[in-house]
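Encoded as structure tokens, the structure appears first; notes follow it.
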Amino acid sequence: MARLINAPHLADQPHEPYSDLFVLAGSKAWKAWDDGKGEEWLLLCSLVDGLESNQKPVILGKDQLSKISSTRIAKEDQQLVKIAQYGELKQEEITAICQNLAKNTSAREVKLIDAAAQVKEDLSSYIQRLRTDKKTADLATQLAPPEKLKENDGVNKKARALTKWLNMDLALNPKDRELYRYDGISWQLVDKFEFLDSAVAFFDEQDFNYSARSIESIIDTIKIQSPKMGTQAQELIAFNNGTLNRTTLEFLPHYRENWLMSYIPHEYLNSAQNTPYFDKWLEFVSGGKESKKNAILAALYAVLTNRNDWQLFFEVTGDGGSGKSVFANIATLLAGEQNTESGRLVDLDEPRGRESFVGKTLLICPEQSRYGGDGGGLKSITGGDPVNIDPKHRTKFKAVIPAVVLIVNNEATRFTERSGGIERRRVIFHFDKVVPENERDPNFMDKIEGEVGGIIYKLIHTFEQPETAKAALREQQTSDEALEIKSESDHITEFCGYFYTTPQNDGLYIGNANLGGKARTHLYPAYLAFTAASGISNTLTLRNFSNSLKQGFAQHKNKFEFFKVKGKFGYRSNVHFKNYDEFQSEFNS
Numbered sequence: 000m001a002r003l004i005n006a007p008h009l010a011d012q013p014h015e016p017y018s019d020l021f022v023l024a025g026s027k028a029w030k031a032w033d034d035g036k037g038e039e040w041l042l043l044c045s046l047v048d049g050l051e052s053n054q055k056p057v058i059l060g061k062d063q064l065s066k067i068s069s070t071r072i073a074k075e076d077q078q079l080v081k082i083a084q085y086g087e088l089k090q091e092e093i094t095a096i097c098q099n100l101a102k103n104t105s106a107r108e109v110k111l112i113d114a115a116a117q118v119k120e121d122l123s124s125y126i127q128r129l130r131t132d133k134k135t136a137d138l139a140t141q142l143a144p145p146e147k148l149k150e151n152d153g154v155n156k157k158a159r160a161l162t163k164w165l166n167m168d169l170a171l172n173p174k175d176r177e178l179y180r181y182d183g184i185s186w187q188l189v190d191k192f193e194f195l196d197s198a199v200a201f202f203d204e205q206d207f208n209y210s211a212r213s214i215e216s217i218i219d220t221i222k223i224q225s226p227k228m229g230t231q232a233q234e235l236i237a238f239n240n241g242t243l244n245r246t247t248l249e250f251l252p253h254y255r256e257n258w259l260m261s262y263i264p265h266e267y268l269n270s271a272q273n274t275p276y277f278d279k280w281l282e283f284v285s286g287g288k289e290s291k292k293n294a295i296l297a298a299l300y301a302v303l304t305n306r307n308d309w310q311l312f313f314e315v316t317g318d319g320g321s322g323k324s325v326f327a328n329i330a331t332l333l334a335g336e337q338n339t340e341s342g343r344l345v346d347l348d349e350p351r352g353r354e355s356f357v358g359k360t361l362l363i364c365p366e367q368s369r370y371g372g373d374g375g376g377l378k379s380i381t382g383g384d385p386v387n388i389d390p391k392h393r394t395k396f397k398a399v400i401p402a403v404v405l406i407v408n409n410e411a412t413r414f415t416e417r418s419g420g421i422e423r424r425r426v427i428f429h430f431d432k433v434v435p436e437n438e439r440d441p442n443f444m445d446k447i448e449g450e451v452g453g454i455i456y457k458l459i460h461t462f463e464q465p466e467t468a469k470a471a472l473r474e475q476q477t478s479d480e481a482l483e484i485k486s487e488s489d490h491i492t493e494f495c496g497y498f499y500t501t502p503q504n505d506g507l508y509i510g511n512a513n514l515g516g517k518a519r520t521h522l523y524p525a526y527l528a529f530t531a532a533s534g535i536s537n538t539l540t541l542r543n544f545s546n547s548l549k550q551g552f553a554q555h556k557n558k559f560e561f562f563k564v565k566g567k568f569g570y571r572s573n574v575h576f577k578n579y580d581e582f583q584s585e586f587n588s
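In this text, residue positions in the sequence shown follow numbering that gives the first Met the number 0: the first is 0, and each later residue adds one.
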């Protein structure tokens, strides 16, 4: 802590903590005292019992007020203080005096008086709040005037002066070690290069020397001086006009200590609104099916309320003009464009590729049907796991990316992972109708955007119990529509559709590639016949094939889980053909 310099005449004060210490403050404080001969000083002495004119008062003139934070106004144990105002004394200067006394003394009674010794303001309770209430103290810090800075001042003082000059409510995110500013709604990442430009402007204004290294040092010092951000209030959704508790549906004012880092850039309307264009789109893409309509609403609800904790991702497939882009655009509206990022699934797999996703709540991955990876990054992000981030020109770090992921394709994405990690997270919607060319409205999204308040209300109140939305998505996961799309993109899913399972291992043997004529009795030869007839070149090895069967049969809602038991003639399974003759005529003829 910097050493405080005694205010003028403080050293001359008698040590009487329970007697009033008189402080003259303001632009004319020195003139009022005038070396003990000033008329105003003499008047004050005549009005206050026991105040002798030959006793020097503590004086805070313009110079002292400009560096009040490094000035000792009173001794630590002083209990009673009267501040007599002479000339101009700005409110922010009064605030700074109160901050000083709150921090550096135990004073319990502090009063601001005028030249006639009349109390203008009792500051005692405010000083006590500065000691005990962080919000009051933080606000006072923002209001207090910046201290006059000298070029040879230490880095810590220059850092605090720059923070004051910036007039930002700053806090350090302990996860990525970056500064964020509160804008009255949410905490936004401070752009590093804008911050550097502002620092240069500040030191140019002060006419101080600086270098790139000294500027970086000051910014690093601001980071360690700034308060640390807390944990985001996960149950809150921020809108332009307040925050909605998605559990209780209570609508509350914005509050900085919610530590929210994103918001929906729309007004929350607590009343139903007509949404004819949205309703028309929903009816079209759902084909009028209530269960699918409910699942689409549930997916949009998950985007709106950022239910990344449900550990799901959404995939929308369909031809051009089927409504996929409208789905993605509505999702972007609900999440907020500033909270949405577009990318590729391969970017989710790579630490360098993840940089642009940090802090986003919606990730849209268009045209990923040819991805062909195991979805490792997708699983980590949807699972809420910390992932490595390797940003350019910055230190590597780990972060949770709290985003809902939406994949938009003409065809379903091809994943190589078949152990269930992708399957249990994946919710597929297929839009199977195309809007005729002559019925397409180029202004349709503008009309949808005009209904966004009503859409938000509809989603919130359709799923007042969030678990009903999650249940609708689980139902969609196992729908016939989803199974059909997965069968088209994964040949193992299609292959398993020709079989069923039983409780006993009295079914087909697993076999191997050397049993070419054994498709009727052995699964792997049947699989090779299936892939050969289908023109599939990327066949699975025996090991990978066997490991993939559990998921494949589960996708077809088989009552009994796939298993195999080793016996005298090799591994035997609980799998049986539904109709071998049909399979043979199609794939083994």
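Every residue, glycine too, gets a C-beta built ideally from N, C-alpha and C.
{"query": "In terms of residue numbering, what span does the alpha helix (DSSP H) encompassing H490 cover?", "result": "490-495"}
{"query": "Return the residue from the list Q78, E177, E150 that minimises the CA-CA distance to F201.", "result": "E150"}
{"query": "Taking DSSP as the reference, what is the three-state secondary structure of S368?", "result": "coil"}
{"query": "R425 lies in the beta strand (DSSP E); which residues open and close that run?", "result": "425-430"}
{"query": "So which of F396, K556, L541 has the shortest CA-CA distance to Y497?", "result": "K556"}
{"query": "Tell me the DSSP secondary structure of K563 in three-state form.", "result": "strand"}
{"query": "Classify W309 as helix, strand or coil using the three-state DSSP reduction.", "result": "helix"}
{"query": "Give the range of the beta strand (DSSP E) segment to which R571 is assigned.", "result": "569-572"}
{"query": "Please return the same chain residues whose Cβ sits closer than 7 Å to the Cβ of I380, not counting the five positions on each side in sequence.", "result": "L347, V386, I400, A402, V404"}
{"query": "Exposed or buried, what is Y85 when buried is set at 16 or more other beta-carbons lying within 10 Å of its beta-carbon?", "result": "buried"}
{"query": "Looking at the secondary structure, which residues open and close the alpha helix (DSSP H) in which F326 lies?", "result": "323-334"}
{"query": "On a CA-only basis, which of I421, S536, T304, Q224 is nearest P173? Give me that one, please.", "result": "Q224"}
{"query": "Are the segment 285-293 and the segment 467-484 touching by the rule of at least three beta carbon pairs closer than 8 Å?", "result": "yes"}
{"query": "What are the complete alpha helix (DSSP H) segments, minimum 4 residues, inside the segment 233-306?", "result": "275-285, 289-303"}
{"query": "If you drop the 5 nearest sequence neighbours on each side, which residues of the same chain put their C-beta closer than 7 Å to that of A101?", "result": "I126, L129, R130"}
{"query": "Nearest-angstrom Cα distance between V434 and I329?", "result": "17 Å"}
{"query": "Please give me, in chain order, every unbroken run of the alpha helix (DSSP H) with length at least 4 that falls completely inside the segment 81-135.", "result": "90-103, 123-131"}
{"query": "For G449, tell me which candidate among E266, P365, A301, E487 has the shortest Cα-Cα distance.", "result": "E266"}
{"query": "Using only the alpha-carbon positions, how far apart do G372 and G286 sit?", "result": "32 Å"}
{"query": "Quick one, which of D278, L248, Y276, Q233 has its alpha-carbon nearest L259's?", "result": "Q233"}
{"query": "Please go through the segment 144-202 and give each complete alpha helix (DSSP H) segment of 4 or more residues, from N-terminal end onward.", "result": "154-165"}
{"query": "Out of Q310, E466, F277, which one is the CA nearest neighbour of K457?", "result": "F277"}
{"query": "Closer than 8 Å is the cut-off here; do at least three beta carbon pairs connect the segment 69-89 with the segment 23-32?", "result": "yes"}
{"query": "Where do the ends of the beta strand (DSSP E) carrying T500 lie?", "result": "498-500"}
{"query": "Looking at the secondary structure, which residues open and close the alpha helix (DSSP H) in which S379 lies?", "result": "375-381"}
{"query": "So is L46 buried or exposed if we call it buried at 16+ other beta carbons inside 10 Å?", "result": "exposed"}
{"query": "Using the DSSP secondary-structure output, state which residues sit across from F207 in a beta bridge.", "result": "F207 is not bridged to any residue."}
{"query": "Reducing DSSP to helix, strand and coil, say where G317 ends up.", "result": "strand"}
{"query": "Please classify T394: is it buried, with 16 or more other beta-carbons within 10 angstroms of its beta-carbon, or exposed?", "result": "exposed"}
{"query": "Pull the bridge partners of I404 from the DSSP assignment, please.", "result": "Residue identity differs from the one stated: residue 404 is Val in this sequence, not Ile. Note: V404 sits in a beta bridge opposite F312, L362."}
{"query": "Spatial neighbours of V451 within its chain, please: C-beta separation below 7 Å, excluding the five flanking residues on both sides.", "result": "H265, L332"}
{"query": "Give me the Cβ distance between S572 and N504, rounded to the nearest whole Å; I'm assuming they're in contact under 8 Å.", "result": "6 Å"}
{"query": "As an exercise, report each continuous beta strand (DSSP E) stretch of at least 3 residues that is fully enclosed by the segment 437-522, in chain order.", "result": "498-500"}
{"query": "Say whether the segment 68-75 touches the segment 1-8, bearing in mind that this needs 3 or more beta-carbon pairs closer than 8 Å, one atom from each stretch.", "result": "yes"}
{"query": "Between C97 and the rest of its own chain, which residues show a CB-CB distance below 8 Å, the 5 nearest in sequence each way excluded?", "result": "V109, L122, Y125, I126, L129, A139"}
{"query": "Report the three-state DSSP secondary structure of E340 (helix, strand or coil).", "result": "strand"}
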